[in-house]
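Residue numbers for the sequence shown, in the working numbering: 625 to 897.
The beta carbon of each residue, even a glycine, is placed where N, CA and C say it ideally should be.
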Amino acid sequence: MAHLSRLNILHTTMTKSDSSSYDNNRLPFDDSLLVEEVPLAISVNDISLVVMMISPDDIEDFITGYFLTEQIIAAPIEIKDIRIERNETGIEANVSLTGRREHLLKSRRFARVNAGCGICNHTALEQAFPSINTHATWHHLPVCDFSTLRDAMDTHQEKARKTGALHAALFGVHNDIILGREDIGRHNALDKVIGAVRKRIDNPEEGYLVVTSRCGVELVQKAVIAGFTTLVSFSSPTSLAVSFARQHKLNLVFLPRNNQPVIFSQKVQQHGS
Numbered sequence: 625m626a627h628l629s630r631l632n633i634l635h636t637t638m639t640k641s642d643s644s645s646y647d648n649n650r651l652p653f654d655d656s657l658l659v660e661e662v663p664l665a666i667s668v669n670d671i672s673l674v675v676m677m678i679s680p681d682d683i684e685d686f687i688t689g690y691f692l693t694e695q696i697i698a699a700p701i702e703i704k705d706i707r708i709e710r711n712e713t714g715i716e717a718n719v720s721l722t723g724r725r726e727h728l729l730k731s732r733r734f735a736r737v738n739a740g741c742g743i744c745n746h747t748a749l750e751q752a753f754p755s756i757n758t759h760a761t762w763h764h765l766p767v768c769d770f771s772t773l774r775d776a777m778d779t780h781q782e783k784a785r786k787t788g789a790l791h792a793a794l795f796g797v798h799n800d801i802i803l804g805r806e807d808i809g810r811h812n813a814l815d816k817v818i819g820a821v822r823k824r825i826d827n828p829e830e831g832y833l834v835v836t837s838r839c840g841v842e843l844v845q846k847a848v849i850a851g852f853t854t855l856v857s858f859s860s861p862t863s864l865a866v867s868f869a870r871q872h873k874l875n876l877v878f879l880p881r882n883n884q885p886v887i888f889s890q891k892v893q894q895h896g897s
């Protein structure tokens, strides 16, 4: 198992800052809070897999989502057990997989340290765009008032409002937000939501994911691999993200702050709510 004590990584906890911001040369009443960031060392049956920087919440959700989107597992049931140990240096998680999945994992290679990026951690370019299953048909857009999602996101970003340093992701069905997760890493936040949803729902096609961060192709990959059919982003997607979404029949929706939603699907860019 990876030993975090050997890593030369500063453990930053959520605490009062020693510095203060100024407003018209006056000190504020309270210092700003710092967001917590820790290294997470993931092992499979005591064999080191990867070390990632992460917000230390919802660790089991993250591991489930990460293992799904990295195609280490095909379903949460293939994780038999997750043992989590916290110490002054960070978090160590030892995962037990079913026999078949453990065998397949031995042929995979991962970088030792990364920040939760869906592409940066791969050790070969061909691994950046793995073969994945495409949705058989286009799914209809969920029945949802997209104009309400920014307000809904605000209610699920409690820590971000206090620190200004966290990304968030949500899962919704129709006009109901089922759950949300926050993390210092945008990929981590999405993996946490994916893991939480897939542990509860086998087929999430009727719902939709929402992300606050830049929508690059790696977030689209995660959504497709995990079986979701709609991804909503508060930031404009990249051209590669749109191309990948169309190729794999994922509805991709961009929500500008002051304009109507832009819907990228079925090779057509549509405007409307």
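Environment of Gln871 [buried if 16+ CB atoms lie within 10 Å]:
Taking the sequence shown and counting its residues from 1, one reaches residue 871 at position 247. Exposed.
Helix, strand or coil: how does DSSP classify Leu765 here? One-based indexing of the sequence shown puts residue 765 at position 141. Correct three-state label for Leu765: coil.
(request) Starting from the C-beta of Arg725, find all residues in its chain whose C-beta is less than 6 Å away, skip the five residues before and the five after it, and write them out in chain order. (result) Residue mapping note: residue 725 aligns to position 101 of the sequence shown, counting from 1. The beta carbon of Arg725 is closer than 6 Å to those of Ile697, Glu702 in its chain, skipping five residues each way along the sequence.
**Request:** Out of His764, Val675, Thr758, point me to the one whose CA is closest to Thr854's CA.
**Result:** As a working note, residue 854 is residue 230 in the sequence shown. Ranking the options by Cα distance to Thr854, first place goes to His764.
- Going by other Cβ atoms of all chains shown within 10 Å of its Cβ, with 16 needed for buried, is Gln884 buried or exposed? Along the sequence shown, read from residue 1 onward, the residue named residue 884 stands at position 260. Answer is exposed; the Cβ neighbour count stays below 16.
**Buried or exposed (CB count within 10 angstroms, at least 16 for buried), Lys816** = Position 192 of the sequence shown, counting from 1, holds the residue named residue 816. Classification of Lys816: buried, given that the 10 Å Cβ count is 16 or more.
Open item on the list: Against chain B, with Cβ distances strictly below 8 Å, would Glu782 count as a contact?
Closed with: Absent from the structure is chain B; it holds one protein chain and no more.
Taking the beta strand (DSSP E) that Gly804 falls in, what are its first and last residues?
-> One-based indexing of the sequence shown puts residue 804 at position 180. Run containing Gly804: 800-807, per the beta strand (DSSP E) assignment.
Item to complete: Check each candidate in Cys839, Glu661, Leu864, Ser859 and name the one with the smallest Cα separation from Pro880.
Response: On the sequence shown, residue 880 is found 256 positions in, with the first residue counted as 1. For Pro880, the closest alpha carbon among the candidates Cys839, Glu661, Leu864, Ser859 is that of Ser859.
*asked:* Only counting the same chain, and skipping five residues up and downstream in sequence, which positions put a Cβ closer than 7 Å to that of Phe686?
replied: Numbered from its first residue, the sequence shown carries residue 686 at position 62. For Phe686, same chain residues with a beta-carbon under 7 Å away, outside a window of 5 residues either side, are Ile678, Asn812, Asp815, Lys816, Gly819 in chain order.
Worksheet item: Is Ile683 buried or exposed, if buried means 16 or more other CB atoms sit within 10 Å of its CB?
Response: Taking the sequence shown and counting its residues from 1, the one referred to as residue 683 is at position 59. Its Cβ being crowded by 16 or more others within 10 Å, Ile683 is buried.
* Asked: Looking only at DSSP bridge pairs, what is Tyr832 linked to?
  -> Position 208 of the sequence shown holds residue 832. Gly796, per the DSSP bridge assignment.
Worksheet entry | Member of Gly840, Lys846, Ser837, Ile802 whose CA lies at the smallest distance from the CA of Glu830 | Looking up residue 830 in the sequence shown gives position 206. Closest option to Glu830, Cα to Cα, is Ile802.
For this session: Can you grab the Cα-Cα spacing for the pair Gln845 / Thr693, in whole Å?
Result: To locate residue 845, count along the sequence shown from 1; it is residue 221. To locate residue 693, count along the sequence shown from 1; it is residue 69. Between the alpha carbons of Gln845 and Thr693 lies a distance of about 8 Å.
Check your understanding: What number of angstroms, rounded off, separates the C-alpha of Phe770 from the C-alpha of Ile671?
Key -> Within the sequence shown, the letter at position 146 stands for residue 770. Within the sequence shown, the letter at position 47 stands for residue 671. Roughly 44 Å between the two C-alpha positions.
- request: Could you check what DSSP says for Thr693 in three-state terms: helix, strand or coil?
  value: Within the sequence shown, residue 693 is the residue found at index 69, counting from 1. Thr693: helix per DSSP, three-state reduction.
Q | Limits of the unbroken alpha helix (DSSP H) element including Glu842 | A | By 1-based counting over the sequence shown, the position of residue 842 is 218. First-last of the alpha helix (DSSP H) with Glu842: 841-849.
Residue from Arg774, Asp826, Ser863, Lys823 with nearest C-alpha to Asn882 = By one-based count along the sequence shown, residue 882 stands at place 258. When each option's Cα is compared against that of Asn882, the closest is Arg774.
Quick one: grab the DSSP three-state call for Thr665.
The count along the sequence shown starts at 1 and reaches residue 665 at position 41. With the sequence shown as reference, residue 665 is identified as Ala, and Thr is not the correct amino acid for it. DSSP places Ala665 in strand when its eight states are reduced to three.
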